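Going letter by letter, the sequence shown gives residues 186 to 551 in the working numbering.
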Amino acid sequence: MSSTSFTMRQLLEAGVHFGHHTRRWNPKMKDYIFGVRNNTHILDLRQSVPLLHRALEAIREVTASGGRVLLVGTKRQAAEKIADTAQKTGQYFVNHRWLGGMLTNWKTISISIKRLKDLDERLASETQGLTKKELLNLTRERDKLERALGGIREMGGLPDILFIIDTNKEQLAIQEANKLGIPIVAILDSNSDPEGVQFPVPGNDDAMRAISLYCDLVGNAVLTGLEAEMVASGADIGEAEVAPVEPGIEEIAETVGDENGEEEAKLSQDSEVNASENPKEASSPEVVASENDAKEHDEQSATQAPIASDEVSQEAADDTKVTTDGETLEQVRVEEKKPAKKTAKKAASTAKKTTPKKKTAKDKEK
186 MSSTSFTMRQ
196 LLEAGVHFGH
206 HTRRWNPKMK
216 DYIFGVRNNT
226 HILDLRQSVP
236 LLHRALEAIR
246 EVTASGGRVL
256 LVGTKRQAAE
266 KIADTAQKTG
276 QYFVNHRWLG
286 GMLTNWKTIS
296 ISIKRLKDLD
306 ERLASETQGL
316 TKKELLNLTR
326 ERDKLERALG
336 GIREMGGLPD
346 ILFIIDTNKE
356 QLAIQEANKL
366 GIPIVAILDS
376 NSDPEGVQFP
386 VPGNDDAMRA
396 ISLYCDLVGN
406 AVLTGLEAEM
416 VASGADIGEA
426 EVAPVEPGIE
436 EIAETVGDEN
446 GEEEAKLSQD
456 SEVNASENPK
466 EASSPEVVAS
476 ENDAKEHDEQ
486 SATQAPIASD
496 EVSQEAADDT
506 KVTTDGETLE
516 QVRVEEKKPA
526 KKTAKKAAST
536 AKKTTPKKKT
546 AKDKEK
């Protein structure tokens, strides 16, 4: 299945067959209407499928020959999807408002596009010399031009084919394209006018799912045409590009691996030779480490033993010093307590002598 192919089931699931209320129909669309259900016209998908396929083939042929496609959809439901599809495929779009003379007065439109580019460059550079009011006015002018002309600023000339959603809203674009002989692919609802449209496609132009399906199919047709153009120019786009490998990486890895293997072999041979010559030295590093730890432990215990014996002898000597001339510690403590009691008695007697006697009443009368 090619990128521009589709099925009737896809159209049914997207709601392409639903038209408007019977009171809002256009009699010129009578040939494309299948019937009425719940006071709503049902479009004939048996005609929509081949007509849509023919329109997509026309778009593919234009892009394959190096042409440009202009997507037009200014209604709220279609504006975002139209811009997204055009940007993905490298084409041009109008999704805000169709300016009068956008095709028939291309010279004036080119001047406005040049003004837009100048404003972008000026605002992108230093704006220190501008006042706040001047900067605000320039920004507003730039934004206004961007909304109206941002989608065609790089078009550089008239498009080769138009894709339009809702011909009732884009009648001005259809009239200008007819004057210039530009072919039109348009989605026609039950209330649309098919006159002036070279590639009519009966379908719902209000449902978001239907609009998304149209835009996806048109985008695939454009990309298919661009691929055909590149193939015709001699570019091999079908071959997958292989990421370049840095030169010498694999060879370096192999040589490093070989060198490491040789070094390991040499080390193993040396160890075997040493083991045969000196069996003591052939012991494993773990055994050597355990022997060293045992030696260190023995040395520490040997050094700590005399230190402990010296401390014990020192304490014994101190005890002997305390008990000199055959006197025990208790006797010394008793003798120290005796003079303390005598001094306490002397202090009490002296205190009695020094305190003056109270005078009695007899002494006062005398």
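C-beta: ideal position from N, C-alpha, C; glycine also. Note that the coordinates shown come from a computational prediction; the quantities given were computed from them, not determined experimentally.
>> What ranges does the beta strand (DSSP E) occupy inside the region 309-358, keeping only unbroken runs of at least 3 residues that lie completely in it?
In response: Listed in chain order, they are 346-350.
> Helix, strand or coil for residue 379 per DSSP?
Replying inline: In this structure, residue 379 counts as coil in the three-state DSSP scheme.
> Are there three or more Cβ pairs, one per stretch, closer than 8 Å when the region 318-327 is compared with the region 339-349?
Replying inline: No contact exists between the region 318-327 and the region 339-349.
> Does DSSP put residue 193 in a helix, in a strand, or in coil?
Replying inline: Under the three-state reduction of DSSP output, residue 193 falls in the helix class.
> In this structure, does DSSP put residue 235 in helix, strand or coil?
Replying inline: Here DSSP, grouped into helix, strand and coil, assigns residue 235 to helix.
> Taking C-alpha atoms, which residue in 256, 218, 338 and 287 lies nearest to residue 305?
Replying inline: Of all alpha-carbon atoms in 256, 218, 338 and 287, the one lying nearest the alpha-carbon of residue 305 is that of 338.
>> Please identify the residue among 392, 227 and 222 whose C-alpha is closest to the C-alpha of residue 216.
In response: Of the candidates 392, 227 and 222, the one whose C-alpha sits nearest the C-alpha of residue 216 is 227.
> Residues in its own chain within less than 7 Å of residue 312 by CB, not counting five upstream and five downstream?
Replying inline: Excluding residues within five positions, the ones whose Cβ falls inside 7 Å are 320.
>> Can you tell me whether residue 367 is helix, strand or coil according to DSSP?
In response: In the structure shown, residue 367 sits in coil (DSSP, three-state: anything other than H, G, I, E or B).
> Can you tell me the Cα-Cα spacing of residue 309 and residue 272, whole angstroms?
Replying inline: Rounded to the nearest angstrom, the two C-alpha atoms are 22 Å apart.
> Taking the beta strand (DSSP E) that residue 222 falls in, what are its first and last residues?
Replying inline: Residues 218-222.
>> I'd like the span of the alpha helix (DSSP H) that includes residue 408, first residue to last.
In response: 393-418 is the extent of the alpha helix (DSSP H) around residue 408.
>> Just list the residues that DSSP pairs residue 298 with in beta bridges.
In response: Residue pairing of residue 298 in beta bridges, as defined by DSSP: absent, with no partner found.
> CB-CB under 6 Å to residue 379, same chain, minus the five flanking residues each way: which ones, in chain order?
Replying inline: Closer than 6 Å at Cβ, skipping near neighbours: 213, 373 and 385.
> residue 279 bridges to which residues according to DSSP?
Replying inline: 257.
>> If you reduce the DSSP assignment to three classes, tell me which class residue 247 lands in.
In response: Helix.
> In the structure shown, what three-state DSSP assignment does residue 207 receive?
Replying inline: In the structure shown, residue 207 falls within a helical segment according to DSSP collapsed to helix, strand and coil.
> Is the CB of residue 270 under 7 Å away from at least one CB in chain B?
Replying inline: The chain inventory of the structure shown lacks chain B, comprising one protein chain alone.
> CB residue 189 to CB residue 241, shorter than 7 Å?
Replying inline: Taking C-beta atoms as the reference points, residue 189 and residue 241 count as a pair closer than 7 Å.
>> Considering only the alpha carbon of each residue, which of 318, 344 and 307 lies closest to residue 278?
In response: Per the Cα distances, 344.
>> Could you check whether the region 382-398 touches the region 195-202, counting it as contact only if at least three pairs of C-beta atoms, one from each stretch, sit closer than 8 Å?
In response: The region 382-398 vs the region 195-202: in contact.
> Can you name, in chain order, every residue of its own chain whose Cβ lies under 7 Å from the Cβ of residue 364, other than the five neighbours on each side?
Replying inline: Excluding sequence neighbours, residue 364 sits near 289.
> Helix, strand or coil for residue 373 per DSSP?
Replying inline: In the structure shown, residue 373 sits in a strand (DSSP, three-state: E or B).
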